[in-house]
Each structure stands twice: as structure tokens, then as C-alpha cells.
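Student:
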Amino acid sequence: MVTTLDQIFIILRNWITGFLPQAWRPAVDVVLGVVTIVCLFPGLFALTTVFERKGLARIQNRLGPNRTGPFGFFQPVADGIKSLTKEDIVPLNADAAVHFLAPVVLVVTVFMGFAVLPMGRNMVLVDMDAGLLFFFAMGASTEVTVFMAGWSSRNKYSLLGAMRAVAQMISYEVVLLLSGVSVVMISGSLSLVKIAAAQNHYTGWLPNWYIFTPWGFAGFVMFAIAATAETNRSPFDLPEGESELVAGYHTEYSGFKFALFFLGEYLAMFSISGLGTTLFLGGWSAPFSFLTWVPSWIWFFAKVMVSIFVFIWMRGTLPRLRQDQLMNFAWKFVLPFTLINLMVTALWRFMGEGWERWVVCTLILAAVFVLMGKVGMGREHLGPRSYRYAE
Amino acid sequence: MLGEGIVKGMLETARNFAGSYVSKERLTTVQYPEERIAPIEAARVFPFLVYDGADWEAGMRCVACQICEKECPPKCIYIDKSKDKKPDALGKPQFYPSRFDIDISVCMSCQICVEVCPFEAIKMDNEFELATDDRFGGLLLDRKQLSKSNRYYHSIHPTEAAEVDARLAGEKAKADAKAKAAAGAAAKAEGAAKADGAAKAKPGSPTAGGD
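What follows is the structure, given as C-alpha cells:
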């Protein structure tokens, strides 16, 4: 029974393809998987928009949407109808072809990332040997679409937003990759399925997730920072900073194309949360050994939704960074720290089992964190403000 | 240490998030169409015309002096003065507005008309649900729509209305006293004249009399 529930989607798929001739089955398998992903994640996106709006409202002691349907949960339906029926405006001077392609390519590339994420035991669309590499390749191509959108709009705000986005995404892409590399160093595989499987065993009833190691924790924190910047989420939402850039690279998009950008942004959030879950939070494995009877896909999606909640929580808390702060943070703190974390990971790998490596690695990382925080990121202590003429 | 402030901020927002589900004081939202709170006494939206008694046309305090029309900064008041006169609250024959319109789509709720009115005839209402599907006729209120009784004025601005009533009563008393004094003087003069007349012609008919 437990295995049936765990493998329910696989069984369902095999039952459907069972009606078809042998030669068709692989192709239909893939199509079914794609259809599931393409239906599931936009559905999750719709739900997340409500949760986000309600969560942010609660953080600000408001009620949030509560009119459309029970507790406002049909709000995304209304939003969808609205964006579908809105006029789709293309600026006269815009490069129409690229302007049209940008949101489409964005959504497509973001969807591609889901192909290699193991969403449960045996539940992966393509078990690629270099799945991590593929994921990062797809993630990097979203930058191109952002720049396509900004450039083709022929609008200064759009272009500025796109420039910011590209600068930011390239800076943080490096960190994202390097924090992923430490996981690859320990698990010895680029396949996300193997990485998830490597964390699926327990010491006593505690899990062996990578986040529960010193290097893994440090790596996860850096990964989370980079992921937030990659997905252009607050506090790294400079590319669409409303106060200075109208809406950034999607200023000139309206109607359904804008909805596609919105969708792409949230799908990127899901996929990067899925990746973080797979790399550091044990993928689809249960948090305690006595909870392994709960289906693996529930754990995966629970972890993704928790990550999304943290994204929303951060958005409700932190103010937007300035461009120079953003760049300083990336190149002066996050990147060097991730590089040192790589060294520590190597140390961890070669120190062998035992408690010594816990102490040594934790101490090194803590010392580096405090030191770099003090030296690199120390606040400029400005004295009391003096006025020359006003007093 | 780096990140301390972020953790502190995150805890603060978490406290707000959780607190809004438990404490009523945090969640101050009033879900308007279903729930409402009583407007504060000083609330003001658009002006209305006060009338005394039961009949709005007879009791209207406005005498069509047109001061408010002239003072109105956005010029949203339109008054036509009547040709005839009718007695006002003090019994004095006065003009009255044959047309008194306020375009509330133009009105900016400045209350200047109220401040300049020497007859306490125009006051601020607190009725705010004035949405209409006719944006020209529907938002141009005529004198019938604008007329509200003094009792209504008391119900929305009790303190201010009591002051106004006291002032009007004082004025009326003063006017009455003046009228009485004038009447008394007239009666005396009449009496003197009568006595004079009686002395002149003894069997005179007493037709004339002071009232």
C-alpha cells in the first residue's frame, strides 16, 4: 500500500501506456510527463500568487484577497481572465519578433529545467547524467530572454532593467554554480537523481541531508542568496524596481505576455527551489526515518513550498538593495565565501569519518564568515550629520 | 555579525504574520460594505441645505443671497434667486432660491460655503455613498435632494447643530425683543395719538388699534 501510494503516478502512467503498442510507449511516457509538469506547475503558480498576497498582507497586518471564492482562492482565476482579455500592446518602435519571442522563450527554458528534477522516487522526466549541468544551462538562458525583452521594447526603462538583470544574474550565476559544485564534490555525481539518492539514508532517525553538514549549511545559505538573486526576487528585485524603473524589463508588456513573464518568474522560483531541495534538503527523502511511509513526492513538494514561503517571507521583510550594494555583496562576500566553502568541502571529504572534521570545518567557516562580514561588509560608520548652513 | 539585522527583521515580520491571526488589535481592517464603523462627528463630505420644520420648501433657511455661490472655489454651486418673497423662520419676507444646484463631481468639500453662510443654511453632510451610474445628472444635486431637516443635522453633527440652534434662538429672541419694543413704542405712540384724538373729538369711534 505504501509503495503503491509512493509510486502512484508511475503506476498510473504505466497503466495508460499499457493500452498502447510497445513501440509507442517511450514517446507517450515522455509526453505524459511533460503534460503533467506543464499542468502542475502553473497550477501551483496560481496557488502561490494567492498565498503570496495573503502572506504579505498578514505580514503587514492586512487581510489580503478574500472576496473571490472561499478565502479568495479563486483570485488567480479572476487575474487570469483579466490578463487574457487585456489588450496586447506592442510599441510602435519595438522589435516585434523579439518582443513576442522573449516571454515565450522564457517560459519554455524555465520549463526545461523541471525535466531533470527528481520529484519523487523514480519520478524524473529525464534521468540525465549531467542533470545539474543541464539545469544550470537552462537557468542561464533565462538571462537571454530577459535581455531580449528589455532590448526589443526599445524603452529606456526596459533596457536599464534588462542591463541590471543581466549584470545581477551573471554575478550570482557564478555563486549558484559554485555552491552546487560542493555538493557534486561530495556526492561524486552530476545526476540530480543520484544526488537525491545519496542523501536518502539515516543515522539513527536523523537524515543525512547535506544541509546538516557545515559545508552544506554554508553552501545552502549561499545557494539561497544566489537563488533569490537569480529569480529577481526581493531584496534583489532591482531589474523590476517599481520605484525607479516602472517595471524593469517587462515595462512594455501587457496582457497575456505580461502574464507569461509573471508565470516564468514564479516557475523559475519553483525550479530553483526544487534544485535547492534536491541538492541540500535531501530531495524527496523524508525528514525522519520514521516518516518514510509518507509518499516521497509529498516531501518534495512540501519542501519546495516551504522554500517558496521563505521567499515570500523575505520579500515581506527586506528592502531592495542598491545596485552597488548588490554587486559588492556578490563579488566581495558571497563569491569568496563560496570559494572558501569549496576548500572546506574538500577538507571534509579528505578528513575521513569522525568528529574532528565537524569541529574543524565549522570553525573555519564560522571564522571566515565573521571575519569577511567585518572586513568586507562592515558598515561605514558615519558620524552624526553636520549641517553647514542650516544651523 | 553579518546577517544579524536580517534575522531580526525576519523575526519581526514573523511576529506580525502570526500575530495578525491571534490578536484583533493588530488586524485593523474593517471589511467595508458588510462591516462599518460610525463616522466621527467632524466627518464632512458634501454640503446640504438645512430646513426647519416638516416642509422642506417652506422651512428652507436659504435666502438666495448667493454668497456661497460667489465664494465657492471650484464654482460648483448654481443659484437662481426667486422673483417673489416668502416668510422665513423669523417671519420676515425673504427671497428664496428657485434653483439651488451643487455639482458634487466638482465640489472639493472645502466647507467654505458653510463658513461664509450668514443664515446657517448650508452645512456639511457625512453621507459618502454617492456613487451613481449617471455621471452628469446623477452628480448634480438639486435643491430638493440637497434639503435635509434640522433634525437630520442634529443626528450627524450634534454638538455643532446645538451651537447653531442656540445662536439662532438668540437671534430670534433678540429680533422678537426688538419687534416687541418697536411694537410697544408704536402702541405707546398710538395710545398718545389716540388720547390726543379723544381729547379733540370726544365721541370718536375706536377703530384704530396697535397690534
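As given, the protein sequences belong to chains H and P, one line each in that order. Every letter in the first sequence is one number past the one before it in the working numbering, and letter 167, counting from 1, is 193. Every letter in the second sequence is one number past the one before it in the working numbering, and letter 20, counting from 1, is 29. All C-beta atoms in this analysis are idealised placements derived from N, C-alpha and C, irrespective of residue type, glycine included.
1) Give me, in chain order, the residues of the same chain whose beta-carbon lies closer than 8 angstroms to that of Pro-127 (chain P); leave out the 5 immediate sequence neighbours on both sides.
2) Does DSSP put Lys-33 (chain P) in a helix, in a strand, or in coil?
3) With a cut-off of 9 angstroms, does the C-beta of Gly-81 (chain H) fall near any C-beta of chain P?
4) Check the DSSP bridge columns for Leu-232 (chain H) and list the partner residues they point to.
5) Based on the DSSP secondary-structure assignment, which residues constitute the bridge partners of Lys-84 (chain P)?
6) Cα-Cα, which of H:Thr-111, H:Met-27, H:Asn-87 and H:Asp-55 is closest to Ser-280 (chain H)?
7) Quick check on the DSSP output: what are the complete beta strand (DSSP E) runs of length 3 or more inside the stretch 141-171 of chain P, in order along the chain?
8) Taking 9 angstroms as the CB-CB cut-off, is Leu-346 (chain H) touching chain P?
9) By a C-beta neighbour count over all protein chains shown, 10 Å radius and 16 as the cutoff for buried, is Lys-153 (chain P) buried or exposed?
10) With 9 angstroms as the threshold, decide whether the Cβ of Thr-343 (chain H) is near any Cβ in chain P.
11) Since Arg-45 (chain P) meets chain H, which of its residues come closer than 7 angstroms, beta carbon to beta carbon?
12) Taking C-beta pairs closer than 8 angstroms, name the residues in chain H that Ser-156 (chain P) reaches, listed in chain order.
13) So, helix, strand or coil for Gln-75 (chain P), using DSSP?
14) Closest Cβ-Cβ distance between Ala-23 (chain P) and chain H: below 9 angstroms?
15) Please state the DSSP three-state secondary structure of Lys-90 (chain P).
16) Are Val-401 (chain H) and Cys-387 (chain H) touching if we call contact CB-CB under 9 angstroms?
17) Take Ala-130 (chain P) and list the residues in its own chain whose beta-carbon comes closer than 8 angstroms to its own, dropping the five residues that flank it on each side.
18) Since Val-396 (chain H) meets chain P, which of its residues come closer than 9 angstroms, beta carbon to beta carbon?
19) From what residue to what residue does the beta strand (DSSP E) around Phe-327 (chain H) run?
20) Strictly below 7 angstroms CB to CB, what residues from chain P border Ile-85 (chain H)?
21) Count the other CB atoms, across all protein chains shown, that sit within 10 Å of the CB of Met-27 (chain H); report buried if there are 16 or more and exposed otherwise.
22) Identify the residues that DSSP records as bridge partners of Asp-110 (chain P): which are they?
23) Let me make sure I understand the geometry here. Which of H:Val-332, H:Ile-390, H:Gln-349 and H:Arg-346 has the alpha-carbon closest to that of Gly-81 (chain H)?
24) Shortest alpha-carbon distance to Val-209 (chain H) belongs to which of H:Arg-88, H:Phe-137, H:Leu-58 and H:Gly-302?
25) Return the residues of the stretch 128-152 of chain P that lie within a Cβ-Cβ distance of less than 9 angstroms from chain H, sorted by chain order.
26) Could you have a look at Phe-363 (chain H) and say whether DSSP puts it in helix, strand or coil?
27) Going by C-alpha distance, which of H:Ile-85, H:Thr-135 and H:Ala-166 is nearest Gly-18 (chain P)?
28) Between Ile-86 (chain P) and the rest of its own chain, which residues show a CB-CB distance below 6 angstroms, the 5 nearest in sequence each way excluded?
29) Alpha carbon to alpha carbon, how far is Ser-213 (chain H) from Glu-379 (chain H)?
30) Alpha carbon to alpha carbon, what distance is there between Lys-358 (chain H) and Trp-384 (chain H)?
31) Out of H:Val-64, H:Ala-416, H:Ala-285 and H:Thr-75, point me to the one whose CA is closest to Phe-126 (chain H)'s CA.
32) Is Asn-234 (chain H) close to chain P, meaning its C-beta is less than 9 angstroms from at least one C-beta of that chain?
33) Rounded to whole angstroms, what's the CA-CA distance from Asp-350 (chain H) to Met-195 (chain H)? Just pull it up for me.
34) Could you give the C-beta distance for Met-174 (chain H) and Val-116 (chain H), rounded to a whole number, given that I count them as a contact under 8 angstroms?
35) Compute the Euclidean distance between the alpha carbons of Ser-214 (chain P) and His-163 (chain P), then round it to the nearest angstrom.
36) Using a Cβ cut-off of 9 angstroms (strictly closer), state whether Leu-46 (chain H) contacts chain P.
Tutor: On the basis of the supplied data:
1) Cys-74 and Ile-76
2) coil
3) yes
4) Its beta-bridge partners are H:Thr-229.
5) Its beta-bridge partners do not exist; DSSP assigns none.
6) H:Thr-111
7) Correct list: 156-158.
8) The sequence shown places Arg at residue 346 (chain H), not Leu. Arg-346 (chain H) does not count as touching chain P.
9) exposed
10) yes
11) Within chain H, no residue comes near Arg-45 (chain P); the closest Cβ sits about 16 angstroms away, beyond 7 angstroms.
12) None at all; the shortest Cβ gap to chain H is about 37 angstroms.
13) In this structure, DSSP gives Gln-75 (chain P) a state outside helix and strand, which the three-state scheme calls coil.
14) Yes, its Cβ sits closer than 9 angstroms to a Cβ of chain H.
15) strand
16) no
17) Leu-58, Val-59, Met-69, Arg-70, Cys-71 and Val-72
18) Met-10 and Leu-11
19) In this chain, Phe-327 (chain H) is not harboured by any beta strand (DSSP E); it is covered by the alpha helix (DSSP H) spanning 322-343.
20) Within 7 angstroms Cβ-Cβ: Thr-22, Asn-25 and Phe-26.
21) With fewer than 16 neighbouring CB atoms inside 10 Å of its own CB, Met-27 (chain H) falls in the exposed class.
22) P:Tyr-87
23) Looking at the Cα atoms, H:Val-332 is the closest of the given residues.
24) H:Gly-302
25) none
26) It is helical.
27) Among H:Ile-85, H:Thr-135 and H:Ala-166, the Cα nearest to that of Gly-18 (chain P) is on H:Ile-85.
28) Cys-77, Glu-78 and Ile-111
29) Straight-line Cα distance between these residues: approximately 15 angstroms.
30) 26 angstroms
31) H:Ala-285
32) no
33) Each residue's alpha carbon lies about 14 angstroms from the other.
34) By a beta-carbon distance limit of 8 angstroms, Met-174 (chain H) does not contact Val-116 (chain H). Their separation comes to about 14 angstroms.
35) Low confidence applies here, because Ser-214 (chain P) scores a pLDDT of 47, under 50, leaving its location unreliable and the question unanswered by this model.
36) no
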